[in-house]
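**Student:** Just add 18 to wherever you are in the sequence shown, counting from 1, and you've got the numbering used here.
Glycine is no exception: its CB is placed at the ideal position from the N, C-alpha and C atoms.
These numbers were taken from a predicted model, which means no experiment stands behind them.
Once you've had a glance at the structure underneath, I'll fire off some questions.
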Amino acid sequence: MERVEQLFNALWQDYTQRLCPSAEQVHALLTEDEPLLNDHIALRTFNLPKVGLDKLAAPFIAIGYKPCGQYRFEAKKLYAEHFEHPNPAAPKVFISELMVGQCSAQLQQAVRELVNQAPEAAFHDPSFLYGGRLWDIDSETYEMLAAESEYAGWVAAHGFGANHFTVRINQLEQFTEVRDVNHFLRHNGFAINESGGEVKGDPEVMLEQSSTMADKVAVGFLDGVKHIPGGFYEFAKRYPQADGELYGGFVEASADKIFESTN
Ligand code: OOG
Ligand code: NI
19 MERVEQLFNA LWQDYTQRLC PSAEQVHALL TEDEPLLNDH IALRTFNLPK
69 VGLDKLAAPF IAIGYKPCGQ YRFEAKKLYA EHFEHPNPAA PKVFISELMV
119 GQCSAQLQQA VRELVNQAPE AAFHDPSFLY GGRLWDIDSE TYEMLAAESE
169 YAGWVAAHGF GANHFTVRIN QLEQFTEVRD VNHFLRHNGF AINESGGEVK
219 GDPEVMLEQS STMADKVAVG FLDGVKHIPG GFYEFAKRYP QADGELYGGF
269 VEASADKIFE STN
């Protein structure tokens with residue numbers, strides 16, 4: 019569990035410093051007597067052999083995580099898996115990848131050129147998971163990618179890092195409903211992702227989720243700095259199954275909308 023904690027501490031540092039500075043404030047607003055439980059984090063990548071989902075999963079598998087679910091998002095051309103650790107206190111990990119081969123020839127070529135720049139050795143150390151971008155990119159390429167796939171633009175600009183942490187609201191005393199967390203955060207100046215409704219999912223699918231809209235963060239491109247969507251914070255309420263355990267999976271229809279927190 020110590021290695022899990024170390025990895026998540028490093029992911030949190032990168033997430034709050036580089037991708038989502040407002041996360042510190044959300045974390046402080048929701049923390050009660052007990053430390054906040056992180057339900058899961060998410061990572062994004064391209065399905066090219068050098069950087070595919072399996073490459074990002076490997077450091078988690080090495081510390082005890084197991085693959086637990088597969089998800090497909092046809093319109094967005096994404097495939098995802100989630101991973102769980104035998105210790106239920108360890109956050110789940112949701113990793114998605116863009117099916118680059120289904121995209122335009124122009125996108126494919128640009129993405130391959132970026133990924134080719136990444137030094138192979140970087141992937142031998144788990145620190146690449148929170149190391150950001152391993153390539154240079156100009157803002158015109160970023161705009162071209164983002165116009166075809168918001169997801170492709172995001173990965174090309176930011177590289178590797180947790181794009182969100184997630185408060186499991188089951189533990190909170192102050193709030194029992196995701197809707198009430200949203201209300202509280204709006205009152206504190208946060209924008210909530212309204213795509214597909216402010217709360218995604220319902221008790222029937224045993225998972226309800228919402229998220230803030232991503233922070234705008236400064237990213238350095240070859241031709242200058244641009245402010246673009248970075249990371250966001252998510253809130254999840256899990257319902258108990260017949261066996262009494264909380265439902266542990268993800269819900270495709272809801273996840274599809276959570277992705278749009280970086281639009
Ligand atoms: C992942 C979106 C899906 C969830 O909890 O369903 C997700 C992403 O934005 O990379 O996090
Ligand atoms: Ni999530």
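#1: Could you name each continuous beta strand (DSSP E) segment of 3 residues or more that falls completely within the region 91 to 137, going from the start of the chain to the end?
#2: Kindly indicate which residue of L66, E102 and V173 has the alpha-carbon position closest to the one of N134.
#3: Which term fits P109, buried or exposed, when burial requires 16 or more other beta carbons within 10 angstroms of its beta carbon?
#4: Assuming H58 is part of the beta strand (DSSP E), what are its boundary residues?
#5: Can you list, in chain order, the stretches of the beta strand (DSSP E) that have 3 or more residues and sit fully within the region 206 to 277?
#6: May I have a chain-ordered list of the alpha helix (DSSP H) segments no shorter than 4 residues that lie completely inside the region 21 to 47?
#7: Just reading off the beta strand (DSSP E) that F183 is part of, what are its end residues?
#8: K68 by DSSP, collapsed to three states: which one?
#9: So does the region 259 to 270 actually touch the region 81 to 97, counting three or more Cβ pairs closer than 8 Å?
#10: What residues in its chain sit with their C-beta under 8 Å from that of I81, if we drop five residues either side in the sequence?
#11: I'd like the span of the alpha helix (DSSP H) that includes G171, first residue to last.
#12: Return the chain-ordered list of same chain residues with a C-beta closer than 6 Å to the C-beta of A164, the five sequence neighbours on each side being excluded.
#13: Expressed to the nearest angstrom, what Euclidean distance is found between the alpha-carbon atoms of D198 and E252?
#14: Is any heavy atom of the ligand OOG found at a distance shorter than 7 Å from the C-beta of E252?
#15: What does the alpha-carbon distance come out to for the pair H100 and F208?
#16: In chain order, what residues of the same chain lie with their CB nearer than 6 Å to the CB of K68, ignoring the 5 residues before and after it?
**Tutor:** For this structure:
#1: 96 to 102 and 110 to 116
#2: L66
#3: Buried, since its Cβ has 16 or more Cβ neighbours within 10 Å.
#4: H58 to F64
#5: 225 to 229, 234 to 239, 242 to 247 and 250 to 256
#6: At a cut-off of 4 residues, not a single continuous stretch assigned as alpha helix (DSSP H) sits fully inside the region 21 to 47.
#7: H182 to R186
#8: coil
#9: A contact exists between the region 259 to 270 and the region 81 to 97.
#10: So the qualifying residues of the chain are R21, V22, L25 and H103.
#11: E168 to H176
#12: G171
#13: 14 Å
#14: yes
#15: 28 Å
#16: So the qualifying residues of the chain are V133.
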